[in-house]
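Written out below as structure tokens is the structure these notes cover.
In full-length UniProt numbering, the protein residues as written are 1 to 491.
The structure is reproduced here in structure tokens:
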């Protein structure tokens with residue numbers, strides 16, 4: 001590890017300390033579970049990041065978060081998400097309203113929508129919970145590519161085989177399990193015992209990718225029950241427009257309207273490409289064996305060698321994603337009768353240049369807009385699909401924790417969103433570990449919870465409902481001295 005990669009930023013460290021203080025103040029009066037060990041454990045949460053990482057949730061290459069809720073009559077009460085300062089290209093406008101507890105901390109205690117209502121969520125949490133029933137995978141609110149990542153990775157974006165971890169920033173790239181150690185995207189980023197999945201001794205793993213342009217230009221994805229109507233604005237009869245690269249399906253802009261009181265919308269002005277790894281059972285067995293073999297050593301490396309202090313349910317192995325060059329996203333939980341949004345291209349003065357897009361400011365919806373204006377490729381990830389991985393924390397020393405810190409970790413693990421990013425698989429994996437004491441590693445793929453989502457459900461069901469539907473498909477497997485839990489869905 002280069003020395004420059006492990007030098008902490010004092011400013012970032014101080015900001016995170018301040019955030020944790022406010023987070024502690026907001027929860028100390030309502031929870032008797034968190035004790036004074038909270039501050040003793042801050043060393044874990046505030047560990048400096050030793051690897052440049054990319055966030056897949058809280059940022060955008062060319063990002064715009066427009067939600068002017070400062071007026072006293074605003075109905076929404078979104079919590080502000082972080083803004084980006086290290087994107088390839090970005091501009092943003094922030095929310096300036098009194099908000100519920102900040103989401104800038106690793107200890108992001110998110111309210112359950114069943115208890116506090118959708119309007120108490122951050123804009124990213126609202127978008128995710130409304131989009132999950134569409135069954136495209138895990139929705140990304142503000143995709144971006146960090147400048148700190150290898151140039152080769154910036155050029156492609158998320159790839160099949162990426163291993164990520166979740167924290168308050170979103171999802172952050174660590175290494176790729178399919179590429180060799182000396183691959184440019186893995187340079188100085190792999191664990192000491194790293195073995196690429198394609199050459200793993202656990203079995204003959206066939207890495208077969210399926211890539212197709214599944215979404216056409218001008219298409220959109222709307223959350224269930226939002227009843228979104230689209231209208232294409234006629235294009236202007238100007239030389240500037242007709243010499244631009246704005247897709248004809250976008251015209252002069254796209255207008256959307258709905259009478260639903262809640263909804264999420266993803267706009268794909270230039271379409272999107274879907275990439276998936278073929279991993280269906282029984283051909284997926286080697287993947288589970290590989291993950292079970294290396295999961296604990298990955299967590300030890302991340303927490304001890306790198307000092308990142310990630311939670312034991314944070315790791316994410318990507319098997320599929322949907323990517324685009326430009327996108328627009330919006331979400332709302334406003335009880336008003338109707339809402340309207342207009343998504344417009346921004347015409348450049350440069351001949352045949354790739355366009356940008358924008359949402360006009362509205363008071364009843366949160367919006368996010370992005371485009372890759374550097375590489376001009378489909379690098380922005382809209383949906384993630386993969387294995388969420390959790391390990392049992394019986395041996396606290398394996399994660400570099402002393403007894404007091406381990407006690408805090410065990411108690412805090414029951415809080416929702418402890419790794420800073422809501423994902424339905426997190427609680428599902430914790431349920432496996434709680435229910436089956438012999439299990440060392442719990443593994444849940446996004447296809448597993450998507451299988452039990454019922455047609456017409458407008459938001460992701462509560463965790464106990466999902467677990468109740470999935471419990472009949474759980475399977476406990478013992479192999480090479482390890483026991484792991486997984487789900488086997490009917491063919």
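Quick reminder that beta carbons are idealized off the backbone N, C-alpha and C, glycines included. What you are looking at is a predicted structure, and each value in this text was computed from that prediction instead of being measured.
Considering only C-alpha positions, which residue in the set 130, 125 and 137 is nearest to residue 320?
-> Comparing C-alpha distances from residue 320 to each of 130, 125 and 137 shows the shortest one belongs to 137.
Nearest-angstrom Cα distance between residue 349 and residue 237?
-> A straight-line Cα-Cα distance of about 16 Å links residue 349 and residue 237.
Among 270, 168 and 135, which has the Cα closest to the Cα of residue 218?
-> Considering only alpha carbons, the answer is 270.
Which whole runs of the alpha helix (DSSP H) in the stretch 261–300 are 4 residues long or more, in chain order?
-> For secondary structure counted as the alpha helix (DSSP H) over 4 or more consecutive residues, the stretch 261–300 holds these complete runs in sequence order: 285–300.
Same chain, Cβ closer than 6 Å to residue 438, neighbours up to 5 away in sequence not counted = If you ignore the 5 residues before and after residue 438, its C-beta comes within less than 6 Å of the C-beta of 483, all in its own chain and listed in chain order.
Are the beta-carbon atoms of residue 303 and residue 192 separated by less than 9 Å?
-> No. Outside cutoff.
Give me the Cα-Cα distance between residue 486 and residue 453, rounded to the nearest whole angstrom.
-> Rounded to the nearest whole angstrom, the C-alpha separation of residue 486 and residue 453 is 18 Å.
Under the three-state reduction of DSSP, which class applies to residue 243: helix, strand or coil?
-> Looking at residue 243 - three-state DSSP - the assignment turns out to be coil, as it is neither helix nor strand.
Using the C-alpha atoms, what's the distance from residue 134 back to residue 160?
-> Their backbone Cα atoms lie some 21 Å apart in a straight line.
Going by C-alpha distance, which of 294, 337 and 375 is nearest residue 511?
-> Examination of residue 511 is not possible in this model, given that the chain is present from 1 through 491 alone.
With residue 446 and residue 382 assumed to form a contact (beta carbons below 8 Å), what rounded beta-carbon distance in angstroms separates them?
-> Not really, about 14 Å apart at Cβ, beyond 8 Å.
For residue 357, the residue or residues it bridges with in DSSP = In DSSP, residue 357 forms a bridge with 345.
Indicate the three-state DSSP secondary structure (helix, strand or coil) for residue 258 in the structure shown.
-> If DSSP states are grouped into helix, strand and coil, residue 258 belongs with the strands.
Supposed close pair residue 174, residue 168 - CB separation, criterion 8 Å | At roughly 16 Å, the Cβ-Cβ gap does not stay under 8 Å, so residue 174 and residue 168 are not in contact.
Where residue 139 falls: helix, strand or coil (DSSP) | Residue 139: strand per DSSP, three-state reduction.
So, using beta-carbon positions, are residue 443 and residue 476 closer together than 9 Å?
-> No.
Residue span of the beta strand (DSSP E) that contains residue 318, given as start and end = Counting along the chain, residue 318 sits inside the beta strand (DSSP E) bounded by residues 315–324.
When burial is assigned at 16 or more other CB atoms within 10 Å of the CB, is residue 468 buried or exposed?
-> The C-beta of residue 468 has fewer than 16 other C-beta atoms within 10 Å across all chains shown, which makes the residue exposed.
If we call anything under 9 Å between Cβ atoms a contact, is residue 335 one with residue 246?
-> Going by beta carbons, residue 335 and residue 246 fall outside the 9 Å limit.
In whole angstroms, what is the alpha-carbon distance linking residue 287 and residue 386?
-> Roughly 11 Å between the two C-alpha positions.
May I have the straight-line CA-CA distance separating residue 375 from residue 272, to the nearest angstrom?
-> Going by the C-alpha atoms only, they are around 16 Å apart.
Can you tell me where the alpha helix (DSSP H) with residue 468 in it begins and where it stops?
-> Residue 468 -> alpha helix (DSSP H) spans 463–470.
Per DSSP, what kind of secondary structure is residue 475 in: helix, strand or coil?
-> In this structure, DSSP gives residue 475 an extended state, which the three-state scheme calls strand.
Where residue 435 sits in the DSSP three-state scheme = DSSP, reduced to helix, strand and coil, places residue 435 within a helical segment of the structure shown.
Under the three-state DSSP convention, the category residue 148 falls into = In this structure, residue 148 counts as coil in the three-state DSSP scheme.
Grouping DSSP H, G and I as helix and E and B as strand, with all else coil, what is residue 168?
-> In the structure shown, residue 168 adopts coil according to DSSP, grouped into three states.
Residue burial classification, residue 284 (beta-carbon count within 10 angstroms, cutoff 16) | Buried, since its Cβ has 16 or more Cβ neighbours within 10 Å.
Which class does residue 308 belong to by DSSP, given the choice of helix, strand or coil?
-> Reduced to three states, the DSSP call for residue 308 is coil.
Residue 158 by DSSP, collapsed to three states: which one?
-> Here DSSP, grouped into helix, strand and coil, assigns residue 158 to coil.
Counterpart residues of residue 232 in DSSP-defined beta bridges = Beta-bridge partners assigned by DSSP to residue 232: 254.
Would you kindly report the start and end of the unbroken beta strand (DSSP E) that includes residue 377?
-> From DSSP, residue 377 is part of no beta strand (DSSP E); its letter is neither H nor E.
Hey, residue 466 and residue 428 are a contact pair by Cβ (cut 8 Å); roughly how many whole angstroms apart?
-> The pair is a contact, with the Cβ atoms about 6 Å apart (cut-off 8 Å).
Own chain partners of residue 324 with C-beta closer than 8 Å, once the 5 adjacent residues on each side are dropped = Cβ neighbours of residue 324 beyond the five flanking positions: 215, 268, 270, 271, 272, 273, 378, 380 and 382.
Could you name the residues that DSSP lists as bridge partners for residue 194?
-> Partner(s): none; residue 194 has no beta bridge.
Given residue 277 as reference, the closest of 142, 317 and 141 once Cα atoms are compared | For the residues 142, 317 and 141, the minimum Cα distance to residue 277 belongs to 317.
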